[in-house]
Amino acid sequence: MDDRILVFYGSYRSDRMGIRLADYIVAGLKARSEDAELIDAKAIGLPMLDRMYKEYTPTSAPQAMEALATKIRAAGAFVFVTGEYNWGMQPGLKNLTDHFLEEWFWRPAAIASYSAGRIAGARSGLLWHGTLAEMGMVVISSTLAVGPIADALTAEGKPLGEAGQLLERSFARFADDLAWWTEAAKMQRARKTPPY
Ligand SMILES: Cc1cc2nc3c(=O)[nH]c(=O)nc-3n(C[C@H](O)[C@H](O)[C@H](O)COP(=O)(O)O)c2cc1C
139 MDDRILVFYG
149 SYRSDRMGIR
159 LADYIVAGLK
169 ARSEDAELID
179 AKAIGLPMLD
189 RMYKEYTPTS
199 APQAMEALAT
209 KIRAAGAFVF
219 VTGEYNWGMQ
229 PGLKNLTDHF
239 LEEWFWRPAA
249 IASYSAGRIA
259 GARSGLLWHG
269 TLAEMGMVVI
279 SSTLAVGPIA
289 DALTAEGKPL
299 GEAGQLLERS
309 FARFADDLAW
319 WTEAAKMQRA
329 RKTPPY
């Protein structure tokens with residue numbers, strides 16, 4: 139279980155496109171025999187932040203929050219699939235992540251951005267870099283940047299044309315890099331108990 143990679147995606151839009159990239163990443167990791175799971179913020183449906191998970195007394199957190207906290211604590215690494223709204227982060231994903239803090243510590247995180255245009259969500263990816271570092275994750279240097287997403291992936295998350303081929307080439311390095319850091323962090327956690 140502590141090798142599991144949780145792939146987070148947070149658009150709540152009815153016509154959302156980024157699910158293509160999230161599905162592609164989960165399938166790509168599984169094809170490498172990684173244990174990967176999609177965490178779809180919309181499906182989990184946490185409320186707008188009131189209390190953080192740690193602010194609830196034991197056993198009193200909402201069931202969905204408790205279950206997600208358990209998954210985050212047990213995971214080995216995280217991927218954040220991020221789109222861009224007005225040069226910013228998608229609120230659904232940010233709202234989900236803000237519910238937790240210590241649960242994220244001491245694990246690597248990778249960022250995969252996308253958008254409808256050629257900037258590929260890069261501005262949002264940049265914002266997530268600082269946020270994930272603040273939340274105690276080691277943000278790896280390899281990223282995916284997919285845009286326009288409609289040109290790169292089908293509705294089923296399959297690579298499409300030249301843009302899809304480019305994504306396939308970037309994905310191998312992205313996944314290798316994440317696997318290296320996942321193993322490194324796991325070994326260090328086993329060697330030395332994190333200080334807090
Ligand atoms: C409210 C809103 C703001 C947007 N702002 C940007 C933007 O700043 N930069 C950009 O490249 N695309 C922008 N777009 C287009 C998105 O990249 C595109 O709609 C993408 O599919 C959004 O992700 P989603 O479909 O997973 O929700 C915006 C879309 C919406 C709905």
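To convert, count from 1 in the sequence shown and add 138; that's the numbering used here. Backbone N, C-alpha and C define an ideal beta-carbon position, used for all residues, glycine too.
Which residues in the same chain as residue i place their Cβ atom closer than 8 Å to its Cβ, once the five residues preceding and following it in sequence are excluded?
i    : result
G230 : G148, S149, Y150, A179 and K180
G259 : T220, G221, E222, S251, Y252, S253, A283, V284 and G285
A165 : G295
L184 : P200, A202, M203, L206, N233, L234 and H237
A374 : With the chain covering 139 to 334 only, the question about residue 374 has no answer from this structure.
H267 : I249 and V277
Ordered along the chain, which non-local residues of its own chain (more than five positions away) have a Cβ less than 6 Å from that of residue i?
i    : result
Y162 : L291 and G295
A301 : D289 and A290
Y191 : A199, M203, A207, H237 and F238
Could you spell out the range, first to last residue, of the alpha helix (DSSP H) harbouring residue i?
i    : result
L282 : No alpha helix (DSSP H) holds L282; the beta strand (DSSP E) holding it covers V276 to V284.
L170 : In the sequence as displayed, the identity of residue 170 is Arg instead of Leu. No alpha helix (DSSP H) holds R170; DSSP gives it neither H nor E.
K324 : G299 to R329
G263 : A260 to E272
Below 7 Å CB to CB, which residues in the same chain sit around residue i once its five sequence neighbours on both sides are set aside?
i    : result
G299 : D289
Tell me, which residues are paired with residue i by DSSP?
i    : result
F146 : I177 and F218
Y334 : According to DSSP, which records beta bridges pairwise, Y334 is partnered with nothing at all.
Y87  : Residue numbering for the chain in the displayed model covers 139 to 334; residue 87 lies beyond these limits and cannot be assessed.
L291 : P297
Is it right to say residue i is buried, meaning 16 or more other beta carbons lie within 10 angstroms of its own, or is it exposed?
i    : result
A202 : exposed
R189 : exposed
A160 : buried
Q228 : buried
L187 : exposed
* beta strand (DSSP E) runs contained entirely in the stretch 173 to 249, provided each spans 3 or more residues -> For the stretch 173 to 249, whole beta strand (DSSP E) runs of length 3 or above, ordered along the chain, are 174 to 178 and 215 to 220.
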